Amino acid sequence: MSGVFGVLDSKRGTPIKPLLTKMGTRMSHREWYVVETYTDEGAGVGLGRIGIGIFNKTSQPVWNSTHTVALVMAGELYNRDALGRNGDIESDEQVALALYEKLGDDFVSQLNGAFIIALWDTTRHRLLIANDRFGLYPTFIAQVGNRFLFAPEIKGVLVDPDVDRSLCDESIAEYMRFQRLLGFKTFFTGVTMLPPASISTYDYDAPTYRLRRYWDMSSVPLLPESITFEEAVEEGSRLFRAAVRKMTKGPERIGVFLSGGLDGRSILGMLSPDGRTIHTFTFGQPGCRDEYYARQIAKDAGAQHHYYPYENGHWIREFADLHLKLTEGFHPWIHMHGISMLSDVRQHVDVNLSGLGDLLWTQSNFTPLHLVKAPDDLAFNSLLFEFYSQKYSWPGITYAEERFLYHESFYPRARGLAFDSFIKELEPFAGLPYPQRVAAFNLINHFSRHLLYAAIFGRSHIEFRFPYCDLELMSFCYGLPFELGYDRRLQKAIIAREMPGLARVPYDTDELPITSRNHRRTIAYIKKKLKNSFHQYVAPIFPPRLTLYADYEEWLRTDLRSWAESILFDERTLGRGIFRPEALHSLMDRHLSGQEKWTIGKIAPIITFEMMLREFYDTSQV
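Quick note on this note's numbering: the sequence shown kicks off at 238 and runs consecutively.
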């Protein structure tokens, strides 16, 4: 994945160039990867940049005029005009460097974009790393004595044999419960993630590492309760269109990953006709709702559509190793949909305008009223924990299952740890109102630690831009009274207002058109019911469309069974002293019986975790 990496050794006891070269090699997954490095062995400093040849075409590092500050960067800026820079003359890297010379460390607060920056200031003997407000380019950091390392993939940091690889009990407990890690933890105690909106510095002479945040959800002003829904729709439409426009400037070929939902179609409907061919891409089982409605949406928008069918689950076995290398165990294999089409997608587009809009437009099943209107913190914390455990992904293990899942030697360490860790991660947001609190918590723990991984493995082939992470748009939506945006009400109204043709294509969730006019929905609902009844009682000519784009559960019982059992019941898995062998057999037997829904959320994390250990942990123990 695109990013920056480097090493600083204040004792100058480590040869920097071989280490930096090894880091770049370990993170290069395809022949089109570009790696640039700079080393100063005398200072014990090395900087690097890795990309896929689409963004950041300026040779790096870039230097200031006096050759005292070097900068590497991955990503891009959206506000170069506002900074008074001529985009035809200066690259984003040069703009950022000039701003640092003018403002010092606080330069990053003036940047609006998706980026990760590292710079070495030779006069101050200091390394600085800064990222955008939403952490759209994940970065891992580790400190080993007087040596400091950072990289966009954990494997880049782990090339240093002295990094502490001992497993983190909290991470194991979280992963089995939530299918993700919380906060900025990794599976290894010696490696953490750089938080979003961070300015981190490592002083060469001390040496000391400092980190401060320059933005968080408390920076978002709440809008007055008097704002009307019509006003919100008008302003939301303007800001959303502006966000899409910002991210379609430049020569890159643009595409949209499309489903039958709302997020991708909203972006597609906001694209200005500028003569470019827009490509759309859909994956899924033949006849599923996504395949059927995405095709209609693309046709109505005049896009060139590409469909990639999932006839069976064999593609998962084919791409599981690549998915593991790219997501490093943080993303269970049941979320790897889309990876199999990336090679073809790269032939048609350079950039996907990502429809990751789940956080911006609240849904009743994920953020219900009884959560944001909880009577107290006890209720709020308990409810949100339950949603993370059972609703935000496939349902994870319960407290009863936690008791029998873990080996008797590990259970005392894991008992209640997921809940305790969850509450600890909530503490920094305690001062926010409940709607903003859940939004701020989700921005890190649902977006950054879960949803973003679709872009992380996608960036192995193409770049991603995120219109829903536009700062002005997100600040407006999060500042609104909660009821105005509840259950995607605002998003649906924007679609109906700005793209009526696409609004007529049914929403895959309820298979009804997107309209605020009740009589139209009523007529569509009646037609739907009549078709269903005719199909059931008269003639089977209106078959229901599949709701699942990928039937992971059934594939685990059939196409993937031998693969899964070869990992679950292998001596290496059973001999680690983490899981009880009889519990693993029991979970798989429950799943194979087909008597329960959604048991896969209890099994898949175990499989991915074991794969991660073999790839990144066992090799370090040899």
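Note that beta-carbon positions come from the ideal geometry of N, C-alpha and C, so glycine has one too. Keep in mind that this is a model prediction, so the values were computed, not measured.
Same chain, Cβ closer than 8 Å to residue i, neighbours up to 5 away in sequence not counted
i    : result
L208 : Not covered by the structure: residue 208. The range shown for the chain is 238 to 859.
V470 : L727, A730, I731, R734
K768 : F779
F684 : F371, L593, D595, L596
A761 : P743, L749, P750
K610 : Y671
G633 : M413, R414, F415, Q416, S626, Q627, G838, K839, P842
E802 : M825
Cβ shell of residue i (< 6 Å), same chain only, five flanking positions each side left out
i    : result
I291 : D587, E700
Y744 : I751
E390 : M264
A379 : L386, V394, V400, G427, V428
I253 : V244, T276, E278, G283
A531 : L495, S496, G497, T519
S577 : W552, F556
S712 : V457
R490 : V586, D587
M546 : It is worth fixing the name first, because residue 546 is Pro in this sequence and not Met. P523.
P718 : E462
Proximity of residue i and residue j at Cβ, strictly below 7 Å
i    : j    : result
A480 : L710 : yes
V428 : F377 : yes
Y374 : G285 : no
H516 : Q533 : no
G283 : V309 : no
L364 : Y439 : yes
S437 : I366 : yes
P704 : L590 : yes
T262 : T305 : no
M238 : V396 : no
D246 : R402 : no
Identity of the residue in the options nearest residue i by Cα
i    : options                : result
K628 : R414, A367, G283       : R414
N368 : F622, D453, E555, S328 : D453
G281 : N293, Y441, G814, K562 : Y441
L689 : L596, I391, Q347, I837 : L596
I837 : E790, D807, N549       : E790
G382 : G501, T251, T305       : T251
A538 : F518, L505, R851       : L505
R794 : G498, G550, V396       : G550
R851 : D558, R449, K764       : D558
R267 : L563, F477, I353, A443 : L563
CA-to-CA distance, residue j to residue i, given in whole angstroms
i    : j    : result
V859 : V400 : Bear in mind that the predicted position of V859 carries a pLDDT of just 40, short of 50, making it unreliable; the figure below should be weighed with that in mind. C-alpha separation (whole angstroms): 15 Å.
K834 : S626 : 15 Å
L663 : T426 : 20 Å
D318 : G312 : 17 Å
I815 : C405 : 12 Å
V271 : M484 : 23 Å
R447 : V394 : 19 Å
D788 : S509 : 36 Å
H698 : V493 : 14 Å
G279 : S296 : 23 Å
A616 : L669 : 15 Å
W800 : R554 : 8 Å
G288 : D329 : 15 Å
F466 : L593 : 24 Å
Y854 : G812 : 15 Å
P432 : F694 : 20 Å
P461 : L721 : 12 Å
H574 : E565 : 16 Å
L642 : F846 : 14 Å
E468 : L608 : 26 Å
L314 : G501 : 23 Å
F421 : H543 : 37 Å
A776 : S770 : 9 Å
T445 : T856 : 30 Å
R513 : Y529 : 25 Å
Integer Cβ distance of residue i from residue j, believed to fall under 8 Å
i    : j    : result
L824 : I840 : 5 Å
F622 : F678 : Contact doesn't hold; Cβ gap of about 11 Å is too wide.
V457 : G716 : 5 Å
L561 : M848 : 5 Å
L340 : Q347 : 7 Å
G497 : D527 : 5 Å
Q600 : Y786 : With 8 Å as the limit, Q600 and Y786 do not qualify as a contact, their Cβ atoms being about 18 Å apart.
E345 : Y451 : Before going further, note that residue 345 is Val rather than Glu in the sequence given. V345 to Y451, Cβ: 6 Å. Contact.
R702 : A351 : 7 Å
Chain C contact for residue i (CB, 7 Å cutoff)
i    : result
A311 : Judged by its chain identifiers, the structure shown contains no chain C, having just a single protein chain.
Neighbourhood of residue i by C-beta distance below 7 Å, restricted to the same chain and skipping five residues each side
i    : result
A740 : I732, A733, P750, I751, T752
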